[in-house]
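So in this note's numbering the end of the sequence shown lands on 386, straight run, no missing numbers. Virtual Cβ for every residue (Gly too), placed ideally from N, Cα, C. Please read the structure below before turning to the comments.
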Amino acid sequence: MIASLIFVLAVCVSASAQPDTKSMVYVKGRTFTMGSARADDPENEKPQHRVKVSDFWMDSTEVTNAQYELFVKATGYVTVAERPVEWEQIRLQVPPGTPKPPDSLLQPGSLVFTMPAEGTTTDDVAQWWKWVIGANWRHPEGPNSDIRNRMNHPVVHIAFEDAQAYATWAGKRLPTEAEWECAALAGAKSARFTWGNRIPSDGDSIANIWQGTFPYLNSERDGFLRTSPARSYKPNKLGLYDMAGNVWEWCSDLFRADAYEQRLESDPKAIINNPTGPTTSWDPNDGVPSTRKHVIRGGSFLCHASYCESYRVSARRGETPDTGMSHLGFRCVR
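So this is what it looks like as structure tokens:
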């Protein structure tokens, strides 16, 4: 949440669930090529390198509102977006001299995608991301919205620690970035998307991604303006749903734009065994490059080929651990 407010400006739990694999998919460990070699893909996806992961189980769907509600009812957990905002915590993460925002803005809330006017360009994300006081997992678009008819949709406005708390309660954990990419490839030697290499068009109903002209016109040909219910689209070959689109998913790794380069510094031909990510964060596109961030994967309902195409298997980006947004959720592994 702190990082969300910054953006606008420029667990301990008492009960635990029993581990359950009934709603999970078994992913057999293997050695695979991670990353991208395409010239037009972002540099943070390069270089390609060989990685080996062990067997694991992964949730077949993103964690839903219904599942998260069970956790909250069992533990009394309060998400980051629902907690009081402390300016002193924010001040430590922004450049020196950053003015304090008005107290009216320093209220619990989250970032919500708000459709901008027709003709809006894609050079300033602040045109469609708005800080909404009262927005959280129970009220995805703000106080006047609710999840009563969206219990089987993925839970959103989930910060990293919110996802971790649920995973711990459920006897699971968040996936490593390598595990996530292995699962998205679904056994393929290489693939641009979790379903293969076919490029989706606006007429496809292959994943919950943007249809129309981003960011101001969504044709809703698939029937969804925002999130879609779990299992609305075909799963990949492993039986995993929404490994592309719908909502971004937290991974356990810290984000560094040069993480793949670091892995190969000592031996460019090495096979990296069960990598767990770097020990520090670095994002040259951030005003404070060393700001702590974790990897998110899979893209969301806001992704479109004309803008980010982050529903690709190799696509990756970082978010600060206190960030919750209306297109950010998670799934677990064990």
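Integer-rounded CB distance, given that V132 should sit under 8 Å from G376: Position 324 of the sequence shown, counting from 1, holds the residue named residue 376. Position 80 of the sequence shown, counting from 1, holds the residue named residue 132. 6 Å between Cβ atoms; contact.
Selected residue, minimal CA-CA separation from T83, among H356, A322, W334, R368: In the sequence shown, counting from the first residue as 1, residue 83 sits at position 31. The candidate whose alpha carbon is nearest that of T83 is A322.
Under the DSSP definition of a beta bridge, which residues are partnered with K286? For the purposes of this step, residue 286 is identified with residue 234 of the sequence shown, where counting begins at 1. DSSP lists no partner for K286.
According to the neighbour-count rule (16 or more other Cβ atoms, all chains shown, within 10 Å of its Cβ), is Y129 buried or exposed? Locating residue 129 in the sequence shown gives position 77, where the first residue counts as 1. Buried: at least 16 other Cβ atoms inside 10 Å.
Note down the Cα distance separating V65 from Q119, rounded to an integer number of angstroms. In the sequence shown, the residue the question calls residue 65 occupies position 13. In the sequence shown, the residue the question calls residue 119 occupies position 67. Here V65 scores only 37 on pLDDT, less than 50, and its place in the model should not be relied on; the value that follows carries that caveat. Going by C-alpha positions, V65 is about 16 Å away from Q119.
Would a C-beta distance cut-off of 8 Å place C355 and G297 closer than the cut-off? Residue numbering aside, residue 355 sits at position 303 when the sequence shown is read from its first letter. Residue numbering aside, residue 297 sits at position 245 when the sequence shown is read from its first letter. Cβ distance < 8 Å, so C355 and G297 count as in contact.
If you follow the alpha helix (DSSP H) that C234 is in, where does it begin and where does it stop? For the purposes of this step, residue 234 is taken as residue 182 along the sequence shown, with counting starting at 1. Here the alpha helix (DSSP H) through C234 covers 229-237.
What does the Cβ neighbour count give for V103, buried or exposed, with the cut at 16 atoms within 10 Å? Position 51 of the sequence shown, counted from the first residue, corresponds to residue 103. The residue in question, V103, is buried, as its Cβ has 16 or more Cβ neighbours within 10 Å.
Just the C-alpha distance for T397 and T343, rounded to the nearest angstrom, thanks. With the chain running from 53 to 386 in the structure shown, residue 397 is simply not present.
Take A311 and list the residues in its own chain whose beta-carbon comes closer than 6 Å to its own, dropping the five residues that flank it on each side. Reading the sequence shown from its first residue, position 259 is the one you call residue 311. Once the five neighbours on either side are set aside, the close Cβ partners of A311 are P330.
C-alpha gap between A230 and T328, whole angstroms: Working through the sequence shown from its first residue, we reach residue 230 at position 178. Working through the sequence shown from its first residue, we reach residue 328 at position 276. The straight-line gap from Cα to Cα measures roughly 8 Å.
Helix or strand or just coil, what does DSSP make of I210? Locating residue 210 in the sequence shown gives position 158, counting from the first residue. Reduced to three states, the DSSP call for I210 is coil.
If contact is defined by three or more beta carbon pairs under 8 Å, each pair taking one atom from either stretch, is the region 300-319 in contact with the region 226-242? Three or more Cβ pairs closer than 8 Å define a contact, and the region 226-242 meets that threshold against the region 300-319.
Determine, using beta-carbon pairs with one atom in the region 108-124 and one in the region 208-227, whether at least three such pairs fall under 8 Å. Yes, the region 108-124 is in contact with the region 208-227.
Go to R315, then tell me how far its alpha helix (DSSP H) extends in each direction, as first and last residue. Residue mapping note: residue 315 aligns to position 263 of the sequence shown, counting from 1. R315 -> alpha helix (DSSP H) spans 311-315.
What is the C-beta distance between R244 and V365, in whole angstroms, given that I count them as a contact (C-beta under 8 Å)? If you number the sequence shown from 1, residue 244 lands on position 192. If you number the sequence shown from 1, residue 365 lands on position 313. 7 Å between Cβ atoms; contact.
Count the other CB atoms, across all protein chains shown, that sit within 10 Å of the CB of Y363; report buried if there are 16 or more and exposed otherwise. Position 311 of the sequence shown holds residue 363. It counts as buried.
How many angstroms separate the CA atom of K224 from the CA atom of M110? For this step, residue 224 is matched to residue 172 along the sequence shown. For this step, residue 110 is matched to residue 58 along the sequence shown. Their backbone Cα atoms lie some 9 Å apart in a straight line.
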